[in-house]
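Chains as they are written, first to last, in the numbering used here: chain R, 4 to 441; chain V, 2 to 693.
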Amino acid sequence: MKSLSFFFFFIFIISVFPFLCFSFNPESPTDRRVLVLLDDFSLKYSHSIFFNSLKSRCLNLEFKLSDDPSLSLQRYGQYLYDALILFCPSTKKFGGSLDLTAVIDFVDSGHDLILAADSTASDLIKNIATECGVDFDEDSSAMVIDHKSYAISGTEGDHSLIVSDDFIQSGAILGKTKIEAPVLFKGIAHSVNSANSLVLKVLSASPSAYSANPESKLLNPPLLTGSAISLVSVVQARNNARIMIAGSLDLFSNRLLRTAVQKAGSQDKYHKSGNEQFVTEISKWVFHERGHLKAVNLRHLRVGETDEPAMYRIKDDLKFSVEIHEWSGKNWEPYVADDVQVQFYMMSSYVLKTLSTNGKGLYLASFKVPDVYGVFQFKVDYHRLGYTSLSLSKQIPVRPFRHNEYERFITTAFPYYGASFTMMAGFFIFSILFLYNK
Amino acid sequence: MARILARFLVLLLVVSICEAAPLFQPISDSHRSAALELFTLDHGSFKSLEETYEALRTFQILGIEKKPDVTAAACHSISETVGSLSSTPKDLFYALKANSIAECKIHAKASKGIISSLNSAVSGSSSLLDFYYSVGGLVLIKDQSSKDDLQLADAEGVFRSVKAFSQSDGRWRYSSNNLESSAFAAGIALETLAGIVSLASSELDQSLISTLKNDISKLFDSIEKYGDGTLYFDDKLVDGYEYKGPLSATSSVLRGLTAFAAVTTGNIDLPRDKMLGLAKFFLGIGVPGDAKDFFYQIDACACLDSNRVSIPLILSLPAAVLSLTKKDSLKVRVATVLGSNAPPLTVKLVGVFSSVSKDASLVESQELKFDQGSGLHILNDLLEIIDVGSYTFVFEVVLQEPDDEKVYVTGSQTKVPIFVTGLVRIENSEIVVLDSDLGSVESQSKLDLTAKNAVSLSANHLQKMRLSFRLTTPRGLAFKPHQAFLKLRHESKVEHIFVVGNSGKHFEIVLNFLGLVEKFFYLSGKYDMEFTVGDSAMENSFLVAIGYIELDLPQAPEKATRPPLQAIDPYTRYGPKAEITHIFRAPEKRPPQELSLAFLGLTILPLLGFFIGLLRLGVNMKNFPSKPVPAAFAFLFHVGIGAVLLLYVFFWLKLDLFQTLKVLGFLVVFLVFIGHRILSHLAAASAKLKSA
Chain R
4 MKSLSFFFFF
14 IFIISVFPFL
24 CFSFNPESPT
34 DRRVLVLLDD
44 FSLKYSHSIF
54 FNSLKSRCLN
64 LEFKLSDDPS
74 LSLQRYGQYL
84 YDALILFCPS
94 TKKFGGSLDL
104 TAVIDFVDSG
114 HDLILAADST
124 ASDLIKNIAT
134 ECGVDFDEDS
144 SAMVIDHKSY
154 AISGTEGDHS
164 LIVSDDFIQS
174 GAILGKTKIE
184 APVLFKGIAH
194 SVNSANSLVL
204 KVLSASPSAY
214 SANPESKLLN
224 PPLLTGSAIS
234 LVSVVQARNN
244 ARIMIAGSLD
254 LFSNRLLRTA
264 VQKAGSQDKY
274 HKSGNEQFVT
284 EISKWVFHER
294 GHLKAVNLRH
304 LRVGETDEPA
314 MYRIKDDLKF
324 SVEIHEWSGK
334 NWEPYVADDV
344 QVQFYMMSSY
354 VLKTLSTNGK
364 GLYLASFKVP
374 DVYGVFQFKV
384 DYHRLGYTSL
394 SLSKQIPVRP
404 FRHNEYERFI
414 TTAFPYYGAS
424 FTMMAGFFIF
434 SILFLYNK
Chain V
2 MARILARFLV
12 LLLVVSICEA
22 APLFQPISDS
32 HRSAALELFT
42 LDHGSFKSLE
52 ETYEALRTFQ
62 ILGIEKKPDV
72 TAAACHSISE
82 TVGSLSSTPK
92 DLFYALKANS
102 IAECKIHAKA
112 SKGIISSLNS
122 AVSGSSSLLD
132 FYYSVGGLVL
142 IKDQSSKDDL
152 QLADAEGVFR
162 SVKAFSQSDG
172 RWRYSSNNLE
182 SSAFAAGIAL
192 ETLAGIVSLA
202 SSELDQSLIS
212 TLKNDISKLF
222 DSIEKYGDGT
232 LYFDDKLVDG
242 YEYKGPLSAT
252 SSVLRGLTAF
262 AAVTTGNIDL
272 PRDKMLGLAK
282 FFLGIGVPGD
292 AKDFFYQIDA
302 CACLDSNRVS
312 IPLILSLPAA
322 VLSLTKKDSL
332 KVRVATVLGS
342 NAPPLTVKLV
352 GVFSSVSKDA
362 SLVESQELKF
372 DQGSGLHILN
382 DLLEIIDVGS
392 YTFVFEVVLQ
402 EPDDEKVYVT
412 GSQTKVPIFV
422 TGLVRIENSE
432 IVVLDSDLGS
442 VESQSKLDLT
452 AKNAVSLSAN
462 HLQKMRLSFR
472 LTTPRGLAFK
482 PHQAFLKLRH
492 ESKVEHIFVV
502 GNSGKHFEIV
512 LNFLGLVEKF
522 FYLSGKYDME
532 FTVGDSAMEN
542 SFLVAIGYIE
552 LDLPQAPEKA
562 TRPPLQAIDP
572 YTRYGPKAEI
582 THIFRAPEKR
592 PPQELSLAFL
602 GLTILPLLGF
612 FIGLLRLGVN
622 MKNFPSKPVP
632 AAFAFLFHVG
642 IGAVLLLYVF
652 FWLKLDLFQT
662 LKVLGFLVVF
672 LVFIGHRILS
682 HLAAASAKLK
692 SA
């Protein structure tokens with residue numbers, strides 16, 4: 004009997020499980036439906052650890068060949084997927100209705116993208132990257148080579164399997180736990196467009212790296228050298244769409260995820276490379292499982308009151324509060340930081356104040372309304388490395404003093420008042436005496 | 002075609018270790034540790050008997066000692082499945098398979114029950130998988146209980162009905178009404194037929210066996226191929242449901258082939274290279290991250306290791322990077338796919354080709370010495386004649402016993418890329434500033450390129466800078482590194498890179514600043530210099546800071562190109578902004594309170610003077626009306642005036658203008674009326690007085 008009830012419970016859980024996992028909820032920003040485009044299905048085996056880690060996080064992966072004629076990102080104006088993984092570096096043309104503009108439109112509508120290239124990268128893949136602010140090396144035979152920080156290996160001697168531990172310092176992107184072991188990389192170099200402020204280098208090459216063809220002699224200086232080479236970059240668009248661009252498809256492969264690593268010239272041996280932690284953490288960021296903020300309950304009050312006023316008077320004391328939460332992949336948790344700022348803004352900010360926090364997501368500040376009247380805004384513009392940007396504003400008018408709100412008994416004016424009142428008293432007595440004196 | 006090409010490229014990337022010739026390594030310890038990671042227990046047992054079998058089989062093949070202990074849990078579920086009447090042939094099949102490794106005791110009565118139920122399942126089967134499970138179950142029971150009398154009643158009839166699913170191209174269908182044929186099904190069919198042959202009471206018709214052998218060679222004709230000799234089976238993707246991928250299909254075919262070859266006599270006629278190509282496929286995958294794929298790989302390797310057709314031997318090198326400084330010797334290992342030792346054989350080094358000039362072999366053909374202890378073939382003194390660089394070594398494997406050649410397949414020549422590394426000597430490094438026209442040395446400094454230098458130079462645009470050094474290999478020959486860069490970095494982070502060229506051993510670069518002025522964007526100031534020399538054959542690749550050079554360049558003309566934009570540091574871009582507090586308008590200046598109060602006192606003085614004057618004048622009230630009515634009016638009139646004045650006081654203290662005017666309105670009407678009465682009374686009185 005007990006086993007029977009357990010069995011029914013199990014069936015219930017199994018049947019509910021897909022809903023728990025894949026039901027769409029606007030309150031949870033994590034991506035659910037992911038389209039994975041591959042050059043070859045053998046990548047499913049060779050990169051299975053990465054894919055399994057995504058599946059274990061409730062992501063619904065749909066694998067397709069990049070030249071599948073039925074490829075389409077949207078149907079009847081609705082997007083079928085929340086995110087796209089392009090593990091098809093050599094694809095020259097996508098199948099179906101997918102092309103460069105379709106991918107860019109997908110991102111422009113707030114969806115996420117992971118793109119991995121390698122030395123076979125086609126123009127199509129490079130163009131997608133260029134649209135995102137990342138320029139791959141134009142020399143198609145070039146690879147990243149580093150004769151100083153390469154991985155010591157018994158089988159690979161051309162130093163194109165390099166190690167890098169030059170990560171971006173951001174807990175939002177790479178997680179709170181430090182990546183101890185260096186990351187193995189074998190692929191092509193790219194540089195980030197310096198005019199584009201949205202793209203960030205997540206993994207940079209060491210100063211001795213350069214991008215060249217290992218087979219041929221170098222006659223001209225390579226286009227990309229040293230720390231200017233970005234190995235993995237991320238972009239967070241203004242609509243909070245997240246893009247990750249890696250110059251190596253092998254970075255995600257089981258082979259590099261499971262390889263022991265020792266950097267040349269270093270005695271530290273790691274039994275496993277940092278790749279697994281790196282790709283897992285960064286994929287969490289890309290799929291909005293981390294670093295996604297929301298601000299709610301933006302409130303402001305006159306000190307001593309409980310209702311939100313429709314208007315402030317100059318020199319009022321006011322209290323401003325806002326709640327900020329971070330999405331942890333499962334639920335919203337209070338976001339704790341000490342650098343959230345509020346602006347009291349009209350054409351330019353009149354007051355810019357750092358909010359104090361109670362550690363539970365509530366941010367507070369109190370200040371005096373400036374003695375300038377007009378239509379002001381409370382503005383919270385929060386842009387931090389790796390986090391989605393918050394831009395809130397709330398309009399509020401500020402009026403000057405009313406006629407009866409000025410100061411009434413000014414000591415300096417007492418002589419004038421004294422003169423008037425004595426005059427009045429004199430007049431009163433004079434009027435009596437004038438009429439009745441004889 | 003494009004698809005095949007793309008697949009080929011990807012597989013090369015995924016699989017290959019080097020560009021030239023991929024080197025396949027046999028199953029090693031990384032597989033063993035991955036196996037323990039992949040097959041994890043869920044509450045002390047595996048999820049299903051199928052998974053239990055796969056885990057146990059994988060552990061058995063890999064010879065893992067420290068495996069999780071699941072025998073008790075497995076035996077429990079095996080005996081449960083075997084004892085239950087409702088178990089399907091599939092459940093029984095996997096239970097028996099798991100039992101073949103777990104070796105639990107099965108009740109004699111239960112095994113009798115299974116035999117009868119499986120026998121009836123065989124006769125009632127209509128699809129390939131039904132036959133597979135029921136026949137497979139019977140074979141397993143026969144093996145486990147060593148019942149020689151267990152036989153299939155109508156073996157030949159069953160054989161024919163299974164054979165009916167076969168297709169002309171060597172592939173098989175799952176059932177008669179399913180039109181799709183697949184290689185995966187072919188593997189299953191072969192295994193089933195092998196089971197039928199072993200269960201047959203008498204020798205089967207030889208013509209059946211030979212048609213089947215024919216089918217197998219047809220199946221192997223449709224094998225797919227990558228450019229590097231890797232072979233695999235792949236099913237056409239008709240719909241996603243049946244598709245299981247090349248790994249499962251190839252593994253299935255190999256299992257079927259091995260089983261079939263084990264029960265038949267005589268040769269199965271297959272090209273020998275095909276088994277080697279299949280071995281390359283399974284080794285090329287690396288370590289799959291999925292338990293099922295892992296099992297397919299390991300199981301297929303076990304089939305390759307012990308089949309009757311031909312056992313592939315894989316040549317691998319423990320290290321393809323050999324160091325001259327460590328005096329490494331060339332070691333080659335020849336083993337089966339699972340890493341077990343090969344039969345006696347000799348490994349020949351046929352040739353060594355430099356990556357630069359690929360024409361002639363650098364050494365003569367020679368044999369490697371076999372070291373009994375380590376099982377490696379070693380060549381010690383080779384590195385004494387070879388300098389640093391990258392080479393392609395060509396090996397040939399020759400079996401010593403002619404009989405072994407029927408059992409094993411070695412492939413022809415194997416090309417292996419090898420890197421020979423060593424310490425490169427750096428000498429005579431110096432940096433000089435020269436006068437352009439005369440070539441006279443202005444300042445000269447020696448450099449130590451193994452440590453950081455702090456040279457400080459200065460030059461103007463009419464001068465030149467020269468950096469020179471010598472590189473020699475351990476054998477005293479010229480060495481041309483792949484990377485020899487001089488990098489100049491201006492304070493504004495604009496970088497310029499120059500490749501240092503050579504003539505023989507001597508390396509030199511001359512920077513003529515006059516010609517570089519435009520390239521340097523006319524930016525005068527401090528340039529940090531960094532020098533990098535690196536090569537894959539160089540063990541002492543270095544990146545050193547040399548110091549700086551202070552350049553004095555002419556002013557930029559108006560049309561000169563501007564230096565490119567430098568990326569802003571993301572950490573500064575995202576920091577909090579400086580706080581802003583509003584500066585309020587300062588209140589107007591006021592005199593001190595005391596002064597105002599003193600003047601307040603002064604304003605009372607005229608009133609006092611007025612009172613004193615009145616007293617002096619001797620004012621009286623004799624004119625006040627004596628009659629009660631006028632007196633009352635007079636009194637009310639002055640009360641009214643007093644009220645107006647008092648209203649003014651209240652106006653000052655608290656009332657606003659509107660309140661005041663309202664009250665004043667009433668008071669004024671009252672005053673006009675009363676005032677008129679009293680004033681007319683007073684006027685009449687005074688007129689009467691005058692006329693009198």
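Positions of the beta carbon are idealized from the N, C-alpha and C atoms, including for glycine.
Range of the contiguous beta strand (DSSP E) that encloses residue i
i	result
Lys560 (chain V)	Looking at the DSSP string, Lys560 (chain V) is not in any beta strand (DSSP E), and its letter there is neither H nor E.
Ser469 (chain V)	464-473
Thr309 (chain R)	Where Thr309 (chain R) is concerned, there is no enclosing beta strand (DSSP E), given that its DSSP letter is neither H nor E.
Asn63 (chain R)	63-68
Close beta carbons around residue i, own chain, < 6 Å, minus the five adjacent residues each side
i	result
Ala368 (chain R)	Phe323, Val345, Lys356, Leu358
Leu221 (chain R)	Ala215
Cys24 (chain R)	Because the pLDDT of Cys24 (chain R) is 44, which lies under 50, any placement of that residue in the model is unreliable, and the question is left without a value.
Assigned exposure category for residue i - 16 Cβ within 10 Å defines buried
i	result
Pro289 (chain V)	buried
Leu463 (chain V)	exposed
Thr228 (chain R)	buried
Ala3 (chain V)	Below a pLDDT of 50, predicted positions are generally treated as unreliable, and Ala3 (chain V), at 42, falls in that range; no measurement from the model is reported.
Ala688 (chain V)	exposed
Asn28 (chain R)	Residue placement at Asn28 (chain R) is flagged as unreliable, the pLDDT there being 47, under the threshold of 50; the coordinate-derived value follows with that caveat. The residue in question, Asn28 (chain R), is exposed, as its Cβ has fewer than 16 Cβ neighbours within 10 Å.
Phe437 (chain R)	exposed
Pro555 (chain V)	exposed
Gly535 (chain V)	buried
Arg256 (chain V)	buried
Reduced DSSP category for residue i - H, G, I as helix; E, B as strand; rest coil
i	result
Gln298 (chain V)	helix
Ala684 (chain V)	helix
Phe323 (chain R)	strand
Thr133 (chain R)	helix
Lys272 (chain R)	strand
Thr72 (chain V)	helix
Arg35 (chain R)	coil
Tyr376 (chain R)	coil
Gln367 (chain V)	strand
Option nearest residue i by Cα separation, candidates the options
i	options	result
Asn429 (chain V)	V:Gly548, V:Leu472, V:Ser182, V:Asn179	V:Leu472
Gly246 (chain V)	R:Leu46, R:Arg36, R:Leu40	R:Leu46
Arg574 (chain V)	R:Val202, R:His328, R:Asp149	R:Val202
Ser743 (chain V)	V:His491, V:Tyr409, V:His497, V:Lys407	Residue 743 (chain V) lies beyond the stretch modelled for chain V, which goes from 2 to 693, so this question has no answer here.
Phe354 (chain V)	V:Val389, V:His77, V:Lys332, V:Asp206	V:Val389
Asn199 (chain R)	R:Ile128, R:Asn223, R:Val237, R:Gly190	R:Val237
Leu38 (chain R)	R:Cys91, R:Pro32, R:Tyr79, R:Ser31	R:Cys91
Own chain residues within Cβ distance below 8 Å of residue i, not counting five before or after
i	result
Gly362 (chain R)	Pro337, Val339
Neighbourhood of residue i by C-beta, 7 Å cutoff - its chain only, sequence neighbours within 5 removed
i	result
Ser112 (chain V)	Ile142, Ser146
Pro319 (chain V)	Lys332, Arg334
His162 (chain R)	Ile148, Asp149, His150, Tyr153
Span of the alpha helix (DSSP H) around residue i
i	result
Ile613 (chain V)	594-618
Lys332 (chain V)	Element bounds for Lys332 (chain V): not the alpha helix (DSSP H) but the beta strand (DSSP E), 331-337.
Met426 (chain R)	417-439
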